[in-house]
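Residue numbers (the working numbering), protein chains in the order written: chain A, 75 to 191; chain B, 25 to 139. Yeah, the Cβ is synthetic: ideal placement off N, Cα and C, and Gly gets one too. Since this is a predicted model, take the numbers as computed values, not measurements. Notes to accompany the following structure.
What follows is the structure, given as C-alpha cells:
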C-alpha cells in the first residue's frame, strides 16, 4: 500500500471554473477526511466520511463545495464557480475506525494545491 | 469548541541546540493532543500524540512533548537540532467524545536550523 494518494498535485484554474479533486485512501480505511490549508496557516477541517456516509461538514464548506465517496472507496471534492479565496492546499486523510474513545491515526496525503487566477 | 495557539510562527536554532516549540490549547474537555510535521509540498506526518497515560510522550526523530493540564500546554522539544529538522510543525487537538476524531490545528511554527 502506497498511502493516501491525491490527484492532481497541482491545479491552476480561472475564477468561475469548476474543479474536482480525487483522493484514494489507504485500502480498508473506513474514514476519509478533507482539510483545507491556506498559505501560512494550519489545516482546517472541511468534512469527513465513514464508509460512504458523509457524517460531518464544517461551516467552511459553502454550498459551492461538494464531496462524495461513492462505494466507500475513493472520494472527490468539487468546487463550483471557484473564487480567488479558494486558493489553498486541499489535504485528504484516512484512518481506520477505532473503538469508543479510541484514537486511530489519520494518515495524510500530499495534498492538491489549487491556484485560482 | 477547541482552539490551539502556537507561540512563534518562526523559530530559529543552531544545529545541536535545544528545540522548543510551544503549544497551548483551549478545550472544554481534556483533549487528545498531537504534533505533526510538514516538509515543503508534502502532507502531514504524525510526530507524536497524547491520548491517555504518561504525560511525557516520545515520538519519532528524537522529539518528545509533555502534557501539562494545569498550563493547558503541550510543548514539543528535542535536545539537539539537526539540519533535517527544518520544517513546519503543527500542534493539534481532538475531542475524545467526538467519534469522528477530527483535528483542530494551530497556525504552525516554521523551524529553521542554522549550521
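Reference residue i; option with closest CA among the options
i: residue 59 of chain B; options: B:119, B:32, B:67 and B:129; result: B:129
i: residue 134 of chain B; options: B:85, B:110, B:25 and B:40; result: B:110
i: residue 135 of chain A; options: A:148, A:125, A:127 and A:121; result: A:121
i: residue 53 of chain B; options: B:126, B:136 and B:119; result: B:119
i: residue 116 of chain A; options: B:27, B:137 and B:108; result: B:27
i: residue 71 of chain B; options: B:48, B:65, B:57 and B:77; result: B:57
i: residue 163 of chain A; options: A:128, A:79 and A:109; result: A:109
i: residue 104 of chain B; options: B:80, B:63, B:86 and B:34; result: B:86
i: residue 77 of chain A; options: B:36, B:45 and B:66; result: B:66
Paired residues, beta bridge with residue i - DSSP
i: residue 81 of chain B; result: B:89
i: residue 101 of chain A; result: None, per the DSSP bridge assignment.
i: residue 128 of chain A; result: A:123
i: residue 96 of chain A; result: A:81 and A:150
i: residue 133 of chain B; result: B:113
i: residue 189 of chain A; result: A:86
i: residue 48 of chain B; result: B:29 and B:97
i: residue 75 of chain B; result: Paired residues: none, contrary to the question.
i: residue 106 of chain B; result: DSSP lists no partner for residue 106 of chain B.
i: residue 193 of chain A; result: Residue 193 of chain A lies beyond the stretch modelled for chain A, which goes from 75 to 191, so this question has no answer here.
Residue i to residue j span [Cα, whole Å]
i: residue 189 of chain A; j: residue 160 of chain A; result: 8 Å
i: residue 122 of chain B; j: residue 132 of chain B; result: 23 Å
i: residue 99 of chain B; j: residue 25 of chain B; result: 21 Å
i: residue 94 of chain A; j: residue 185 of chain A; result: 13 Å
i: residue 90 of chain A; j: residue 139 of chain A; result: 13 Å
i: residue 143 of chain A; j: residue 131 of chain A; result: 14 Å
i: residue 75 of chain B; j: residue 138 of chain B; result: 33 Å
i: residue 114 of chain B; j: residue 111 of chain A; result: 12 Å
i: residue 176 of chain A; j: residue 119 of chain A; result: 20 Å
i: residue 30 of chain B; j: residue 170 of chain A; result: 29 Å
i: residue 156 of chain A; j: residue 43 of chain B; result: 41 Å
i: residue 133 of chain A; j: residue 123 of chain A; result: 16 Å
Residue i: contacting residues in chain B (beta-carbon distance under 7 Å)
i: residue 185 of chain A; result: 67
i: residue 139 of chain A; result: Those within 7 Å of residue 139 of chain A in chain B number zero; the least Cβ separation is about 16 Å.
Residues that residue i contacts on chain B, provided the C-beta gap is smaller than 9 Å
i: residue 122 of chain A; result: 124, 125 and 126
i: residue 135 of chain A; result: Here the premise fails: no neighbours, minimum Cβ distance about 13 Å.
Amino acids of chain A, ordered along the chain, whose beta-carbon sits closer than 9 Å to that of residue i
i: residue 73 of chain B; result: 177 and 179
i: residue 129 of chain B; result: 109, 111, 115, 116, 117, 118 and 119
i: residue 80 of chain B; result: Going along chain A, no residue has its Cβ under 9 Å from residue 80 of chain B, so there is no contact; the nearest lies around 18 Å.
i: residue 70 of chain B; result: 179, 180, 181 and 182
i: residue 49 of chain B; result: The premise fails here: residue 49 of chain B is roughly 13 Å from chain A at the closest Cβ pair, so nothing lies under 9 Å.
Residues that residue i contacts on chain A, provided the C-beta gap is smaller than 8 Å
i: residue 91 of chain B; result: Neighbours of residue 91 of chain B on chain A: none; closest Cβ ~14 Å, over 8 Å.
i: residue 63 of chain B; result: The contacting residues do not exist; residue 63 of chain B stays about 10 Å from chain A at best.
i: residue 83 of chain B; result: Result: empty, since nearest Cβ-Cβ is about 12 Å, beyond 8 Å.
i: residue 132 of chain B; result: 114, 115 and 116
Partner residues on chain B for residue i, Cβ-Cβ distance less than 8 Å
i: residue 157 of chain A; result: Ordered by position in chain B, no residue passes the 8 Å Cβ test against residue 157 of chain A, which lies about 23 Å from the chain.
Exercise for the section: Using a Cβ-Cβ cut-off of less than 7 Å, list which residues of the region 98-125 of chain B approach chain A; keep chain order. Expected result: 114, 118, 120, 124 and 125
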